[in-house]
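Student:
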Amino acid sequence: MARKWTPPASRQPLLIEGYASVFGRADRCGDVVRAGAFARSLRARPPAMLLQHQSGAVAGRWVRISETGFGLFVRGLVDSESAARLVQDGLDGLSIGFRPRLWTPRAEGGRVLIDVDLIEISLVADPMQPAARFEHI
56 MARKWTPPAS
66 RQPLLIEGYA
76 SVFGRADRCG
86 DVVRAGAFAR
96 SLRARPPAML
106 LQHQSGAVAG
116 RWVRISETGF
126 GLFVRGLVDS
136 ESAARLVQDG
146 LDGLSIGFRP
156 RLWTPRAEGG
166 RVLIDVDLIE
176 ISLVADPMQP
186 AARFEHI
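Each number in this note's numbering corresponds to the 1-based position in the sequence shown with 55 added.
1. Can you tell me the Cα-Cα spacing of residue 172 and residue 67, whole angstroms?
2. Where do the N-terminal and C-terminal ends of the beta strand (DSSP E) with residue 173 fall, by residue?
3. Return the residue from the list 170, 145, 165, 163 that minimises the CA-CA distance to residue 156.
4. Tell me whether residue 97 sits in a helix, a strand or coil according to DSSP, three-state version.
5. Determine the DSSP secondary structure at residue 76, reduced to helix, strand or coil.
6. How would you call residue 175, buried or exposed, if buried means at least 16 neighbouring beta carbons within 10 angstroms?
7. Classify residue 163 as helix, strand or coil using the three-state DSSP reduction.
8. Would DSSP call residue 186 helix, strand or coil?
9. What does the Cβ neighbour count give for residue 114, buried or exposed, with the cut at 16 atoms within 10 Å?
10. Do the stretch 77–88 and the stretch 137–147 touch if we need at least three Cβ pairs shorter than 8 Å?
11. Whose CA, out of 94, 182, 108, 161, lies closest to the CA of residue 124?
12. Would you report the Cα separation of residue 117 and residue 153, rounded to the nearest angstrom?
13. Does the distance from the CB of residue 133 to the CB of residue 71 come in under 7 Å?
Structure follows, in structure tokens:
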């Protein structure tokens, strides 16, 4: 008897939300993001959702990105099975991949980021900004 191949049951994407960046707070390398730093870039194009900043590891897609008084708020759908498994196992960090366009040096080290090109936002194990976290909702 011949067996008919059937695709695996489709898995619903995981909905996550949190802050990819926090304004006015130094990260581990001394960079401080100023409110409004992402505005121009977000008008130009949405950033990718990656896993651990790996360009070939698309984790899903961002469905909402906005600057609030606290930082860069994101909501997204995690589609990748491997990324979804990591989220379910406790992965909860976010990290921004960017190119600085306008910045000033900080006396304490690092930079004040005034305008950046936001390339991607990654799900990561250990974010440079410890307050950049998300939760599965």
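Backbone N, C-alpha and C define an ideal beta-carbon position, used for all residues, glycine too.
Tutor: Working from what's here:
1. Taking the first residue of the sequence shown as 1, we reach residue 172 at position 117. Taking the first residue of the sequence shown as 1, we reach residue 67 at position 12. When rounded, the separation of the alpha-carbon atoms in residue 172 and residue 67 is 31 Å.
2. For the purposes of this step, residue 173 is identified with residue 118 of the sequence shown, where counting begins at 1. Where residue 173 is concerned, the enclosing beta strand (DSSP E) starts and stops at 166–179.
3. On the sequence shown, residue 156 is found 101 positions in, with the first residue counted as 1. When the alpha-carbon of residue 156 is set against those of 170, 145, 165, 163, the nearest one is in 170.
4. Mapped onto the sequence shown, residue 97 falls at position 42. DSSP places residue 97 in helix when its eight states are reduced to three.
5. Counting from 1 along the sequence shown, the entry for residue 76 is found at position 21. The answer is strand: DSSP assigns residue 76 an E or B state.
6. By 1-based counting over the sequence shown, the position of residue 175 is 120. So residue 175 counts as buried.
7. Your numbering for residue 163 matches position 108 in the sequence shown. Coil, per DSSP.
8. To locate residue 186, count along the sequence shown from 1; it is residue 131. The answer is coil: DSSP assigns residue 186 none of H, G, I, E or B.
9. Counting from one through the sequence shown, the residue named residue 114 turns up at place 59. It counts as buried.
10. Verdict: no, contact absent.
11. Locating residue 124 in the sequence shown gives position 69, counting from the first residue. Residue 124 has its Cα closest to that of 94, out of 94, 182, 108, 161.
12. Walking along the sequence shown from the start, residue 117 turns up at place 62. Walking along the sequence shown from the start, residue 153 turns up at place 98. Across the structure, residue 117 and residue 153 are spaced so that their CA atoms are roughly 16 Å apart.
13. Position 78 of the sequence shown holds residue 133. Position 16 of the sequence shown holds residue 71. Between residue 133 and residue 71, the gap from beta carbon to beta carbon is short of 7 Å.
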